[in-house]
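*Asks:* Numbering (the working numbering), first residue to last: 260 to 452.
Backbone N, C-alpha and C fix where the C-beta goes; we use that ideal spot for every residue, glycine too.
Note that this is a predicted model, so its numbers are computed, not measured.
Quick one: structure below, then a few questions.
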Ligand SMILES: [Zn+2]
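Dropping the structure here:
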């Protein structure tokens with residue numbers, strides 16, 4: 260894992276802008292300590308248990324707590340804020356419980372207000388906070404001409420993936436957009452027939 264100061268930019272995820280780091284602790288770097296309310300802790304546990312995961316939202320393998328080497332995690336938590344998306348490693352819960360870490364107040368506020376992560380509202384909130392899960396990592400995760408994939412195949416793969424993701428995360432929008440296309444293509448629905 261990498262070290263990022265709390266509330267600073269997190270560029271672990273391919274340099275995607277707008278991600279704000281919370282809880283990326285590493286041995287050798289100071290971190291704030293203090294009490295975290297039971298309500299925040301409980302909500303954080305629920306969110307971690309049900310966290311939104313695509314292959315590219317996880318670490319490439321396990322990350323071990325470098326403060327004690329007694330805990331490890333692989334997932335990351337994406338929490339929509341007012342105008343940013345916070346990203347915290349799974350180990351944040353361990354850092355709070357075992358090392359007394361106190362995350363920033365605006366992050367804890369966002370945690371308490373975060374919709375369930377399998378809900379439409381969660382993905383809508385992510386998108387309005389600046390992270391669109393339907394196009395986030397699509398262009399880079401399918402290779403490019405340098406990797407031997409032809410531009411046509413790459414374009415088709417990206418289009419298919421955007422379609423798959425939009426059906427998965429925004430099914431109503433996806434269906435209405437698709438229905439519109441079908442309606443226009445239907446000769447029976449045209450005027451003057
Ligand atoms: Zn630890």
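If we call anything under 7 Å between Cβ atoms a contact, is residue 333 one with residue 317?
*Replies:* Yes, they are a contact pair.
*Asks:* Going by DSSP, name the residue or residues bridged to residue 345.
*Replies:* Its beta-bridge partners are 279, 338.
*Asks:* Who pairs with residue 323 in a beta bridge, going by DSSP?
*Replies:* Answer is 331.
*Asks:* So which of 313, 268, 374 has the shortest CA-CA distance to residue 338?
*Replies:* Minimum Cα distance to residue 338 is reached at 374.
*Asks:* In whole angstroms, what is the alpha-carbon distance linking residue 275 and residue 344?
*Replies:* Roughly 11 Å separates the two Cα atoms.
*Asks:* Report back the beta-carbon spacing between residue 348 and residue 322 to the nearest angstrom; my notes put them in contact at under 8 Å.
*Replies:* Indeed, because the Cβ distance is near 6 Å, the residues count as touching under 8 Å.
*Asks:* For residue 393, does the count of other Cβ atoms within 10 angstroms reach 16, so buried, or fall short, so exposed?
*Replies:* So residue 393 counts as buried.
*Asks:* With a threshold of 6 Å on Cβ separation, who are the neighbours of residue 346 within its own chain once the five nearest residues in sequence on each side are excluded?
*Replies:* Closer than 6 Å at the Cβ level, and outside the excluded window around residue 346, lie 269, 278, 335, 337.
*Asks:* Residue 370 and residue 284: beta carbons closer than 7 Å?
*Replies:* No, the Cβ-Cβ distance between residue 370 and residue 284 is not below 7 Å.
*Asks:* Expressed to the nearest angstrom, what Euclidean distance is found between the alpha-carbon atoms of residue 306 and residue 414?
*Replies:* So the two alpha carbons sit approximately 34 Å from each other.
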